[in-house]
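A.B. asks: The structure under discussion is supplied below as structure tokens; questions concerning it will follow.
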Amino acid sequence: MAAFFAIRPSQWVNNAIVLSIVGAISILMTALFAWQTPGNRQFQLDVGQVAPYDIVAPAPIVYESAILTEKARERAAQSVADQFDSSEGRVRRQQKNRAREILDFISIVRRDPYLSAELQTDYLRAIDDLKLTAEEAFQIQELAEEEWAAVVNETPGALDRIMAEEIRENTVASARRRLTSLIDTDLSEEVSTITIRLAGALIRPNSIYNPTRTEEMKEAARNAVPAQLHSFARGETIIRAGDVATAEDVEALTQLGLLQSDWDWWHVLRASVMTILVITTAIGSIYRLRPSTLLNHQELAAMAAIVVLWLLAAKFMIIIHDWVPYLYPLAAMSMLVTVLIDLRIAVILIIAFSLTVNYLSNNNILMVSYATLGALAGALILGRAERLSSFLWAGLGVAL
1245 MAAFFAIRPS QWVNNAIVLS IVGAISILMT ALFAWQTPGN RQFQLDVGQV
1295 APYDIVAPAP IVYESAILTE KARERAAQSV ADQFDSSEGR VRRQQKNRAR
1345 EILDFISIVR RDPYLSAELQ TDYLRAIDDL KLTAEEAFQI QELAEEEWAA
1395 VVNETPGALD RIMAEEIREN TVASARRRLT SLIDTDLSEE VSTITIRLAG
1445 ALIRPNSIYN PTRTEEMKEA ARNAVPAQLH SFARGETIIR AGDVATAEDV
1495 EALTQLGLLQ SDWDWWHVLR ASVMTILVIT TAIGSIYRLR PSTLLNHQEL
1545 AAMAAIVVLW LLAAKFMIII HDWVPYLYPL AAMSMLVTVL IDLRIAVILI
1595 IAFSLTVNYL SNNNILMVSY ATLGALAGAL ILGRAERLSS FLWAGLGVAL
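Note that the working numbering has the sequence shown beginning at 1245, numbered continuously upward.
Following this line, the structure appears as structure tokens:
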């Protein structure tokens, strides 16, 4: 603690200058890292929005599309037919026996001499399976005995023939309409009408929908569909100007790193962590390898100016483009720092800027290697630059 307060006023001033420069550069670097510029060719586009211009793939890509996979699985599930449990034989016998019971009951009502016509009608209309109207009940009562015998004989047979077919909940009505073609054509119109009415009322579904088995088969069909791959070639159009963005378009932009994220605290935090790593590495290296630079205001000012200019250049040049990022003049910075300050400072800044280039280029190893190796070659060949030929050799080294 005593040593801390023993620092001379000149040291306080120098420390304040260093901290001010470091703080300003840190703020600038964090802002540049977090800020998504139009030059970065990143886009804010949501599903349903209209694309303002053509968007093309900056690089070839093949990726597993969750959206296309889900659509393919849904199509596979929809192709599975509904599953039904057939109980044709049991239901057929059950309804045929029920028809005979009802016909026997109606025959008893018709023959009972003690029942008035009104009471007979009430009895017939009380049969829940038939739900006869008063007019239909009256027609049954008015049939002659031989006509009623024909109804009793034909109804179970017609019902048995129609129930031999597969009948589902949604096909009962069509089955009743087909009864007309199954009735004996020799019957009179009155007998045919009543036979169709009685047999039609007793038709029941003999094929029952099985939701559990249907869902199991749909799920099996979904699981059998492999992940769907989607690919784009370099320069292939993802979405054209004026088109409405779909979920597939937004997914493709996300996979290609073209979808601009909103300014949020997580984005700022990530940029801040990267800034701290770069600044700490650079300042620590300078303090260990050439501490005199931290005490030389002229060198500090020159270094700060160069760092600011090259940070701004990095932000606007290291973008998603075929060749613009490769024009970033990191080699020029390395040679400039070597001449104005020192080779060691140049190497430190090259390392710091290589980290910056890596961050801004989304881990483009080729880009980072190209910029870093060229800058190192220029700085090392230039050396102390005591002769003009040193600059020529350095330029040749960078070019190679």
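Every residue gets a Cβ at the ideal spot worked out from N, C-alpha and C, and that includes glycine. Small disclaimer: the values here were computed from a predicted structure and weren't measured.
Please confirm whether residue 1499 and residue 1307 have their CB atoms less than 8 Å apart.
C.D. replies: Yes; because the gap between Cβ atoms is below 8 Å, this pair is in contact.
A.B. asks: Check this for me: beta carbons of residue 1295 and residue 1491, under 8 Å apart or not?
C.D. replies: Contact: no.
A.B. asks: Taking the alpha-carbon of residue 1189 as reference, which of 1585, 1555, 1559 and 1558 has the nearest alpha-carbon?
C.D. replies: The requested residue 1189 does not occur in the structure, where the chain is confined to residues 1245 to 1644.
A.B. asks: Under 8 Å by Cβ, that's how I've got residue 1419 and residue 1406 pegged, so tell me the actual separation to the nearest angstrom.
C.D. replies: At roughly 6 Å, the Cβ-Cβ gap stays under 8 Å, so residue 1419 and residue 1406 are in contact.
A.B. asks: Is DSSP giving residue 1565 helix, strand or coil here?
C.D. replies: Residue state, collapsed to three classes: coil.
A.B. asks: Following the continuous alpha helix (DSSP H) through residue 1601, name the residue where it begins and the one where it ends.
C.D. replies: From DSSP, the alpha helix (DSSP H) with residue 1601 extends over 1587-1604.
A.B. asks: Check the DSSP bridge columns for residue 1311 and list the partner residues they point to.
C.D. replies: DSSP output for residue 1311 lists no bridge partner at all.
A.B. asks: Between the alpha carbons of residue 1383 and residue 1442, how many angstroms are there, rounded?
C.D. replies: The alpha-carbon atoms of residue 1383 and residue 1442 are separated by roughly 12 Å.
A.B. asks: Since residue 1451 is in the beta strand (DSSP E), which residue starts that stretch and which ends it?
C.D. replies: Note, residue 1451: beta strand (DSSP E), 1451-1453.
A.B. asks: Under 8 Å between the Cβ atoms of residue 1474 and residue 1309?
C.D. replies: Yes, they are a contact pair.
A.B. asks: What are the boundary residues of the alpha helix (DSSP H) that residue 1366 is part of?
C.D. replies: Element bounds for residue 1366: 1361-1369.
A.B. asks: What did DSSP end up calling residue 1583 once you bin it into helix, strand or coil?
C.D. replies: Residue 1583: helix per DSSP, three-state reduction.
A.B. asks: To the nearest whole angstrom, what separates the beta carbons of residue 1438 and residue 1387, a pair I think is in contact under 8 Å?
C.D. replies: About 7 Å separates the two Cβ atoms, so the contact holds.
A.B. asks: Within 8 Å, do at least three Cβ pairs link the region 1534-1551 to the region 1587-1594?
C.D. replies: Segments in contact, yes.
A.B. asks: Taking residue 1272 and residue 1552 to be in contact with their CB atoms under 8 Å, please state how far apart those CB atoms are, rounded to whole angstroms.
C.D. replies: Right, the Cβ-Cβ distance comes to about 7 Å (below 8 Å), so this counts as a contact.
A.B. asks: Taking the beta carbon of residue 1578 as the centre, do at least 16 other beta carbons fall within 10 Å, making it buried, or is it exposed?
C.D. replies: Its Cβ being crowded by 16 or more others within 10 Å, residue 1578 is buried.
A.B. asks: Who are the near neighbours of residue 1330 in its chain, counting only those whose CB is closer than 6 Å to its CB and skipping five residues on each side?
C.D. replies: 1451, listed in sequence order.
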